[in-house]
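What follows is a short report on a single structure.
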Amino acid sequence: MKVQEVLIQEKKRYLLIDKRGYPVIPVAKYIKYLDNIGKAENTLKSYCYHLKLYFQFLEESRLRYQEVNLDILAQFIGWLRIPDQSTKVIYFEETLAKRSERIEIHIKKVESIKDIGFFRLKFA
Numbered sequence: 001m002k003v004q005e006v007l008i009q010e011k012k013r014y015l016l017i018d019k020r021g022y023p024v025i026p027v028a029k030y031i032k033y034l035d036n037i038g039k040a041e042n043t044l045k046s047y048c049y050h051l052k053l054y055f056q057f058l059e060e061s062r063l064r065y066q067e068v069n070l071d072i073l074a075q076f077i078g079w080l081r082i083p084d085q086s087t088k089v090i091y092f093e094e095t096l097a098k099r100s101e102r103i104e105i106h107i108k109k110v111e112s113i114k115d116i117g118f119f120r121l122k123f124a
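Quick note on UniProt numbering: the sequence shown kicks off at 1 and runs consecutively.
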């Protein structure tokens, strides 16, 4: 997965592209929603990069975003804390775990896409 910067009407916009080269539709719709309500370019970029990590985690875990529940969200937090457990990322140097504040930012951005109905978090 990668974040692709695109220029639309002389404005930078961001798309999350999957491994086959296609946009990740739920993320594209959400970024478009944020754009439509007037969020700043840096906000759009930030959300796209945060959601990239989340969708990368889901892909590595062989999960669909519609299957999210609290257990999966807890696994995502663990995945963020120990980045070396990723099977798709090779580090040349030991990578530091993300601090709690950074993890909180990731979770808030994942929750925000859930809150407007792009997917529903299932409480077990």
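A virtual CB, placed ideally from N, CA and C, is assigned to each residue, including glycine.
Since the model is a prediction, treat every value here as computed from it, not as a measurement.
- Counting C-beta pairs with one atom in each stretch, the segment 42-57 and the segment 11-26 have three or more that are closer than 8 Å, which means they touch.
- In this structure Leu80 is buried. Its beta-carbon is surrounded by 16 or more other beta-carbon atoms within 10 angstroms.
- Every alpha helix (DSSP H) stretch that sits fully inside the UniProt domain "Integrase SAM-like N-terminal" (28-87) and reaches 4 residues is listed by chain position as 41-60 and 70-81.
- Classified as buried, Val68 has 16 or more neighbouring CB atoms from the shown chains inside 10 Å of its CB.
- According to DSSP, residue pairing for Tyr14 in a beta bridge involves Glu5.
- Taking the Cα of Pro26 as reference, the smallest distance to any Cα among Ile37, Leu7, Gly78 and Lys52 is reached at Lys52.
- Linking Glu59 to Phe76 through their CA atoms gives a straight-line distance of about 11 Å.
- Counting only the Cα atoms, Phe55 lies some 9 Å from Val24.
- For Ile31, the number of other beta carbons within 10 angstroms of its own is at least 16, and it is reported as buried.
- By the 16-neighbour rule on beta-carbons within 10 angstroms, Tyr22 is exposed.
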